[in-house]
Amino acid sequence: MKIVKGCLLSISAGILGILIIGGGVLLATDGTRAASIAGLLAGALAPVLSVLGIWIFNRQYWRDSIQELRDRLS
Numbered sequence: 162m163k164i165v166k167g168c169l170l171s172i173s174a175g176i177l178g179i180l181i182i183g184g185g186v187l188l189a190t191d192g193t194r195a196a197s198i199a200g201l202l203a204g205a206l207a208p209v210l211s212v213l214g215i216w217i218f219n220r221q222y223w224r225d226s227i228q229e230l231r232d233r234l235s
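To get the working numbering, take the position in the sequence shown, counting from 1, and add 161.
(1) Specify the secondary structure class of Gly-204 as computed by DSSP and reduced to three states.
(2) Apart from the five residues just before and just after Ile-164, which ones in its own chain have a Cβ nearer than 6 Å to its Cβ?
(3) Evaluate Ser-211 with the Cβ neighbour count: other Cβ atoms within 10 Å of its Cβ, from every protein chain shown; 16 or more gives buried, anything less gives exposed.
(4) What are the start and end residues of the alpha helix (DSSP H) that includes Ser-173?
(5) Along the chain, where does the alpha helix (DSSP H) that runs through Ser-226 open and close?
Right under this line is the structure:
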């Protein structure tokens, strides 16, 4: 299902954002407080940016996924 793929992409983008950005800031600054704040911000913003990225490159994706979900539920 398309909606499941989109949600999994958003979740994995959030997890990768936390790991990559938080780890990068930790290596660059050697400050755990800054790294945790950067990781939390990246984890919060990465799923939103991935959903927007899907919408920008394929505007029909979310419409098709909602229609597919409606067809399966009815």
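For glycine and all other residues, C-beta sits at the position ideal for the given N, C-alpha and C. As the structure is a computational prediction, the values presented were derived from the model and not from experiment.
Checking against the coordinates, here is how it stands:
(1) helix
(2) Ser-226 and Leu-230
(3) buried
(4) 163–190
(5) Segment 222–234, the alpha helix (DSSP H) holding Ser-226.
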